[in-house]
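Line by line, the protein sequences are chains A and B.
Residue 273 in our numbering sits at position 266 of the first sequence; the count goes up by one each step and never skips.
Residue 1231 in our numbering sits at position 271 of the second sequence; the count goes up by one each step and never skips.
Even glycine gets a Cβ: it sits at the ideal position worked out from N, Cα and C.
This structure is a prediction, so every number in the text was calculated from the model and none was measured.
Before any comments, here is the structure.
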Amino acid sequence: MTDPAKDPRIVLAALARTHPVLELGTLELCFLAALHLRAEGAALSAFDEEKLSEVFEQVCALLEPRAEAVKRRATHAIQRLRDQKLLARVDGAGVLRAGEFALTRLAASIVESYLEDESLTRENLTQLTRSLRASLAEILTRAREAQAEADWKNGVEAPLRVSVSDLVSGIERRQRSLDLEQQAFQAQIAKLLESDWFGAVDQCLELLESTSQTLTELNDILLRDAHELSSVLQDIQEVTVNAQAEGAEAAVERVMEQVDRIRAWGAARQRAWSEYYQYVHRYLCDVVRLDPSRALIQRLREQLSQHTSRPFALSVAAAASPRLLREIAPFKDDKPKVSRPRAERERPPSDTDAVDQHAIVEALVQGVLSRGSDGLCDVTQQVNAETPSELRFVTAGRVAQVVARLARTTIDRDRPWVSVNDGLVIEEWKIAKGGARG
Amino acid sequence: MADTRYLALGDVVADELFPDLDLALRRGRHIDREDTLWYTFLVDAQALLEAFYRRFGCELIHPADGYFYLLPTGDKLGRRHLSVPEMLVGQALTLLYLDPATLQSGGVIKRADALSHLAAVMGSDALTRAFNPKRKRVDERVAQETVRGKFVEALRRLAALGFVDLVDADALRLRPGLLRFAEPVRGRGSPAEALERLVARGELVLGDGELGSDEDGEEDDDESSEQDEPTPTAPEPFQLPNEVLSEFGDFGEDMPPPERVPESSPDAPRDTPRGEPSATPEDEA
């Protein structure tokens, strides 16, 4: 089950509700950086309003010497930074006195990411992995000694989540930084060749070699140390699983994933760099060295633009593929052949005995009348009793017709409607006694 | 031969790499250092394979740029000449290969960049005309669609020949074999002399090569066919085979011909048998 606090939808929805916006110009960024440097240099924890304005003026004088109304701009800049939660008032005195302000964690992170040189180097990687190994060894010892839940929480889970995780994140951050450096470096090689074609060859080769060496060293350290780190983490995981400390186990898994990611980064970068290295080497040898005056591109461009007037075509081998006869399975004709039916479609009529329903009804009515009946309803009821239900409606009509023909009926002024079987309602006729027609 | 691990042609042919490599070379593929195993194999066996392929009337060429290909010089092995779209696209890709800006991405470029580069060097109109040689009346939209289609087809064919790798639907990697397209302008002499020399070696032919994708059965639009091609003859009428027709041989045999209704005056009473439809006033009219 996903932890709601980590569910991206919930997190993003909560973030969107606060309407966060960051809009920083160069001047504001430099102002923040100046505050950060001033705080570090003078060991200041906060700035009063006057000092803030003073720093802003210094930055403004440096970046925009001709700017006017600097005081007012400082006020606006400070307000904008406060609105964006980059500068926070920390004295809590309200209106009693002028406030004191400090950079928030967000502002500090932004400034640090611009100022700090956090590229991965052999030295800082070795230092980081060494610290990591020491921390993990300590955590393993605590995990083996842990008894109560508090021991697991304070001695294992918390250090894994905070200190170890921070150290691994530090390596990841430096890796990203190194990626950016490499991109810039690749652009630099292209720019060097663009500006000083043949003269840049040696410089490019030098750059290639130094970066290759750095990457190889880093990858070696990562491979070796990541293996050791994984081994210690597995020991910790084993202890946490045995002790059923779920929180600590989850924390170990998270760190293991980070370590795997670091190792994968090393291998991927090494591979990608190797491809790039070979490509650039080939380019320098095949293209730059063979065309020191850089005339080839221009001549090829002319050749291409004039191709339609002076066409030519390269020849290439084009042996036909060997023709392999495929085996053909004998055709099985399982389907019935299409043919016209020869049989006579129309069958001759056959003699069947016709059933005369009228005659049956008439006979039944005659029988009932001979036994004596006082009305049409009675006759209909008796005849319908011997008739299938689906024919009773029709039979009721035929009974009325036959009764009218065979008997003398009398009809009152008010002719009642009487219900007979199956929900049929018919008009009642009285039959005169001995009323059969001659 | 001292450095080679193959002492005789038999060793080369017996190598498990040989069959696939041989087929690839005979189909015109250019093998460079990125085909690591094949390239190493070719370097090792170069002397033996040169003599081997010479017997088939072709040369195993290994330029200084670091790639191999097979060039037919006789009639024993089939050959083809690249089509106009292949030549144009190939030269544009070579320009990009030589461009230092491509270095930044390690030789990987976007297809759209390649087409736009080609259009920029040649000019859009010239490019459209070159890719639509048969058309006199050119609808801009149709012609541009054709350019894009032929560009993609040319890329596919160049990839089969080992000049580029199609990385994905959007990107492609340029390979050293492309430098073959720059051969006529590589020397210090005039391009015409270089072309003559290359023609003499059988590396290329002057004039347009294949007609491009039209040869594969792809048809130009109806506009060109209306004007440039003779009017197609009408197709022969369709006729059922005799076996099928024989099935209907007795069709209508049992049915007697309808009796002629005797002509009579409109006033005379009709004696129409039951069940048969009677003539209507419209029929009589």
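Item: Members of the stretch 1061–1088 of chain B near chain A, C-beta cut-off 7 Å; Value: Ala1061, Leu1063, Gln1064, Gly1066, Gly1067, Val1081, Met1082 and Ala1086
Item: Extent of the continuous alpha helix (DSSP H) to which lysine 1110 of chain B belongs; Value: 1100–1120
Item: Cross-strand partners of tyrosine 1029 of chain B (DSSP beta bridge); Value: B:Ile1021
Item: Interface partners of valine 1044 of chain B on chain A, CB under 9 Å; Value: His314, Thr315, Pro318 and Ala320
Item: Cβ-based contacts, 7 Å cut-off: residues of the stretch 202–213 of chain A near chain B; Value: none
Item: For glutamate 434 of chain A, three-class secondary structure by DSSP; Value: strand
Item: DSSP-derived helix/strand/coil call for glutamate 351 of chain A; Value: coil
Item: Test: valine 1145 of chain B CB closer than 9 Å to a CB of chain A; Value: yes
Item: Sequence-distant residues of the same chain with beta carbon closer than 8 Å to proline 1192 of chain B, five excluded per side; Value: Model confidence at proline 1192 of chain B stands at a pLDDT of 37, short of 50, so the residue's coordinates are unreliable; what they give is reported in the following sentence. Excluding sequence neighbours, proline 1192 of chain B sits near nothing in its chain.
Item: Chain A within 9 Å of histidine 1022 of chain B, Cβ atoms only; Value: no
Item: contact_flag[the stretch 1097–1108 of chain B, the stretch 1017–1025 of chain B] where n(CB pairs < 8 Å) is 3 or more; Value: no
Item: Short-range partners of chain A found in the stretch 1147–1167 of chain B, where Cβ spacing is below 7 Å; Value: Pro1151, Leu1155, Gly1162, Glu1163, Leu1164, Val1165, Leu1166 and Gly1167
Item: Chain-ordered chain B contacts of arginine 308 of chain A [CB-CB under 7 Å]; Value: Leu1055 and Val1081
Item: 9 Å Cβ cut-off: residues of chain A touching leucine 1246 of chain B; Value: As shown, chain B starts at 961 and ends at 1245. That puts residue 1246 of chain B outside it, with no answer to give.
Item: Sufficient close CB pairs (3 or more, under 8 Å) joining the stretch 1059–1079 of chain B to the stretch 327–342 of chain A; Value: no
Item: Residue-level contact to chain B via CB, aspartate 186 of chain A, 9 Å cutoff; Value: no
Item: Span separating the alpha-carbon of proline 979 of chain B from that of aspartate 971 of chain B; Value: 13 Å
Item: Beta-carbon gap between arginine 289 of chain A and arginine 1133 of chain B smaller than 9 Å; Value: no
Item: Which residues DSSP lists as bridging serine 322 of chain A, in chain order; Value: B:His1041
Item: The stretch 128–136 of chain A / the stretch 220–230 of chain A touching (three or more Cβ pairs under 8 Å); Value: yes
Item: Other residues of its chain near valine 175 of chain A: CB distance less than 8 Å, five sequence neighbours each side excluded; Value: Leu139, Val262, Gln265, Val266 and Ile269
Item: Residue-level contact to chain A via CB, phenylalanine 1141 of chain B, 9 Å cutoff; Value: yes
Item: Distance cut-off 8 Å: leucine 1115 of chain B Cβ against heavy atoms of the ligand NAP; Value: The ligand content of the structure shown is nil, which means the ligand NAP is not present either.
Item: Where serine 346 of chain A sits in the DSSP three-state scheme; Value: coil
Item: As assigned by DSSP and simplified to three states, the class of aspartate 1035 of chain B; Value: coil
Item: Inside the stretch 14–46 of chain A only - alpha helix (DSSP H) runs reaching at least 4 residues; Value: 15–24
Item: Within-9 Å CB hit, alanine 155 of chain A to chain B; Value: no
Item: Those residues which DSSP pairs with leucine 1132 of chain B across a bridge; Value: B:Ile1069 and B:Leu1126
Item: Distance between tyrosine 121 of chain A and valine 77 of chain A (C-alpha atoms, nearest Å); Value: 25 Å
Item: Continuous alpha helix (DSSP H) stretch holding serine 138 of chain A: start and end; Value: 129–152
Item: Assigned exposure category for valine 28 of chain A - 16 Cβ within 10 Å defines buried; Value: exposed
Item: Opposing strand residues paired with valine 425 of chain A [DSSP bridges]; Value: A:Ile433
Item: Backbone secondary structure at serine 1225 of chain B - three-state DSSP; Value: Residue placement at serine 1225 of chain B is flagged as unreliable, the pLDDT there being 41, under the threshold of 50; the coordinate-derived value follows with that caveat. In the structure shown, serine 1225 of chain B sits in coil (DSSP, three-state: anything other than H, G, I, E or B).
Item: Short CB-CB distance (under 9 Å) between glycine 988 of chain B and chain A; Value: yes
Item: Inter-residue spacing [alpha-carbon to alpha-carbon] between proline 166 of chain A and leucine 240 of chain A; Value: 13 Å
Item: Cβ-based contacts, 8 Å cut-off: residues of the stretch 1012–1041 of chain B near chain A; Value: Cys1018, Ala1024, Asp1025, Gly1026, Tyr1029, Leu1030, Leu1031, Pro1032, Leu1037, Gly1038, Arg1039, Arg1040 and His1041
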